[in-house]
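Only one structure is covered here, and it is reproduced in the block below.
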Amino acid sequence: MSSTSQRRRPSEEDERDRAALARERRGRRSEEERRRTRATSTRPQARARATRPNRRVEIRRRWVALLSVLTLIALVYLLFFSSMLGAKDVSVTGSRTVTADQIRAMAAVPLDKPLLRLSTDEIRDRVAGMPGIATVEVSRSWPNTVDITVTERTAIAFFDSGPGGDGVHLVDGGGVVFKTVPARPAGLPELKLPKVSADDPVTRAVTAVLGVIPEQLLKQVTTATAKTPASVEFTLSSGKIVRWGTAEQTDRKAKVLAALLTQEGKVYDVAAPELPTITS
């Protein structure tokens with residue numbers, strides 16, 4: 017019996033050891049499982065915390081995009097459709113004989129129409145059609161003004177349509193007949209031509225010569241005429257006749273003529289300044 021009990025005791029001890037080892041293992045597994053459970057439960061929370069800022073950024077971006085679109089729409093409306101930036105004033109500069117009110121009336125700027133929708137070319141063309149206007153510039157002046165700058169035509173000569181005609185007409189340096197006056201203007205030469213028109217080559221040639229000769233000489237010219245564009249001649253207040261030719265070599269012709277006029281004669285020909293002539 018003693019031998020049997022001795023054999024059982026180690027077996028019971030072994031059993032206790034195995035039981036203790038099993039409990040220890042169960043405890044370890046439970047601890048590991050608890051760690052895993054805690055880790056698993058904290059991951060969604062961490063992901064939620066990580067995604068919250070991203071969602072805020074995305075919402076902020078959407079708001080910024082929406083505000084940008086609304087701002088663009090408001091800006092387009094303000095510039096192209098609102099009268100807030102519409103034409104409310106028309107400024108005219110450069111006018112002398114043509115009044116500013118006449119220019120405004122001809123410009124016909126539609127008030128309160130947005131400046132960006134105004135056609136400055138159409139306004140310019142309307143004003144340029146006025147007889148006394150040589151050049152026109154039209155620009156926008158924000159927020160509500162249209163600026164019109166004009167250069168008026170300057171008379172360089174006149175012609176009289178004679179008895180039964182429509183009066184005395186002023187002509188500029190380009191041969192444009194732009195104004196009718198009640199009497200012959202003092203200080204301007206008279207054009208003696210069959211036809212006076214900006215489309216007439218002879219008219220343009222004569223006015224071109226009058227536009228380039230020295231002012232001191234121009235003051236002495238009483239009449240100007242020509243049969244061809246190359247045969248311009250004029251009469252001085254002294255009664256002397258100058259055959260000038262074309263508008264070329266103006267400076268040289270003027271110097272030669274100044275020297276010739278110191279000599280007696282009736283007709284002074286400087287059309288070919290290298291071969292000038294004087295005839296009685």
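Each residue of the sequence shown is one higher than the one before, starting from 17 at the first, in the working numbering.
Note that CB positions come from ideal geometry on N, CA and C, so glycine has one too.
Predicted, not measured: the structure shown is a model, and the values here were computed from it.
Using only CA atoms, which one of Thr165, Ser135 and Pro147 lies nearest to Leu186? Your numbering for residue 186 matches position 170 in the sequence shown. Comparing Cα-Cα distances from Leu186 to each of Thr165, Ser135 and Pro147, the minimum goes to Pro147.
Assign Val187 to one of three DSSP states: helix, strand, or coil. Taking the first residue of the sequence shown as position 1, residue 187 is located at position 171. Strand at Val187.
If you compare alpha carbons, which of Val286, Ala202, Ile164 and Met100 is closest to Val248? For the purposes of this step, residue 248 is identified with residue 232 of the sequence shown, where counting begins at 1. Nearest of Val286, Ala202, Ile164 and Met100 to Val248, Cα basis: Val286.
Are three or more beta carbon pairs between the region 203 to 211 and the region 168 to 177 nearer than 8 Å? The region 203 to 211 vs the region 168 to 177: in contact.
Residue(s) in a DSSP beta bridge with Asp105: For the purposes of this step, residue 105 is identified with residue 89 of the sequence shown, where counting begins at 1. DSSP output for Asp105 lists Thr161 as bridge partner(s).
Go ahead and pull the three-state DSSP assignment for Ser99. In the sequence shown, the residue the question calls residue 99 occupies position 83. If DSSP states are grouped into helix, strand and coil, Ser99 belongs with the helices.
My assumption, with CB atoms under 8 Å, is that Leu273 sits in contact with Val258. Please give the rounded CB distance. Stepping through the sequence shown from its first residue, residue 273 is reached at position 257. Stepping through the sequence shown from its first residue, residue 258 is reached at position 242. At roughly 6 Å, the Cβ-Cβ gap stays under 8 Å, so Leu273 and Val258 are in contact.
If you run the structure through DSSP and keep just helix, strand and coil, what is Ser111? Within the sequence shown, numbered from 1, the residue matching residue 111 stands at position 95. The answer is coil: DSSP assigns Ser111 none of H, G, I, E or B.
On a CA-only basis, which of Ile119, Leu101, Met100 and Gly102 is nearest Thr109? Give me that one, please. Along the sequence shown, one-based indexing puts residue 109 at 93. The option with the nearest alpha carbon to Thr109 is Ile119.
Reference Lys271; option with closest CA among Ala202, Ala240 and Gln232: The residue given as residue 271 occupies position 255 in the sequence shown. For the residues Ala202, Ala240 and Gln232, the minimum Cα distance to Lys271 belongs to Gln232.
Excluding the five sequence neighbours on either side, which residues of its own chain have a C-beta within less than 6 Å of the C-beta of Thr262, listed in chain order? Residue mapping note: residue 262 aligns to position 246 of the sequence shown, counting from 1. Exclusion of the five residues before and after Thr262 leaves Ala246 as the residues of its chain whose Cβ lies within less than 6 Å of its Cβ.
Short check: CB of Ile164 to CB of Val114, under 8 Å? Here residue 164 refers to the residue found at position 148 of the sequence shown. Here residue 114 refers to the residue found at position 98 of the sequence shown. No, Cβ-Cβ distance for Ile164 and Val114 is not below 8 Å.
Straight-line CA distance for Leu131 to Leu83? Within the sequence shown, the letter at position 115 stands for residue 131. Within the sequence shown, the letter at position 67 stands for residue 83. Roughly 26 Å between the two C-alpha positions.
In chain order, what residues of the same chain lie with their CB nearer than 6 Å to the CB of Arg112, ignoring the 5 residues before and after it? Stepping through the sequence shown from its first residue, residue 112 is reached at position 96. Closer than 6 Å at Cβ, skipping near neighbours: Glu168.
Roughly how far, in whole angstroms, is the beta-carbon of Thr170 from the beta-carbon of Val154, given that I think they are within contact range, below 8 Å? Along the sequence shown, one-based indexing puts residue 170 at 154. Along the sequence shown, one-based indexing puts residue 154 at 138. The Cβ separation is near 21 Å, so there is no contact.
Could you have a look at Gly227 and say whether DSSP puts it in helix, strand or coil? Taking the first residue of the sequence shown as position 1, residue 227 is located at position 211. Note: Gly227 maps to helix in three-state DSSP.
Beta-carbon spacing of Ser162, Ala103 below 8 Å: Numbered from 1 along the sequence shown, position 146 holds the residue referred to as residue 162. Numbered from 1 along the sequence shown, position 87 holds the residue referred to as residue 103. A quick correction: the sequence has Val, not Ser, at residue 162. Yes.
Residue of Ala150, Ala144, Ser98 and Asp117 minimising C-alpha distance to Leu134: As a working note, residue 134 is residue 118 in the sequence shown. With distances taken between Cα atoms, Leu134 lies closest to Ser98.
Measuring straight from C-alpha to C-alpha, what distance separates Leu101 and Ile149? Locating residue 101 in the sequence shown gives position 85, counting from the first residue. Locating residue 149 in the sequence shown gives position 133, counting from the first residue. For Leu101 and Ile149, the distance between alpha carbons rounds to 29 Å.
Can you check which of these residues, Leu226, Pro217, Val166 and Thr241, is closest to Lys188 by C-alpha distance? On the sequence shown, residue 188 is found 172 positions in, with the first residue counted as 1. Note that residue 188 is Asp in the sequence shown, not Lys. The shortest Cα separation from Asp188 among Leu226, Pro217, Val166 and Thr241 belongs to Leu226.
Is it the case that the Cβ atoms of Ala214 and Gly190 are separated by a distance below 8 Å? Residue numbering aside, residue 214 sits at position 198 when the sequence shown is read from its first letter. Residue numbering aside, residue 190 sits at position 174 when the sequence shown is read from its first letter. Yes, they are a contact pair.
Around the C-beta of Ala202, are 16 or more other C-beta atoms found within 10 angstroms, so that it is buried, or is it exposed? Reading the sequence shown from its first residue, position 186 is the one you call residue 202. With fewer than 16 Cβ atoms within 10 Å of its Cβ, Ala202 is classed as exposed.
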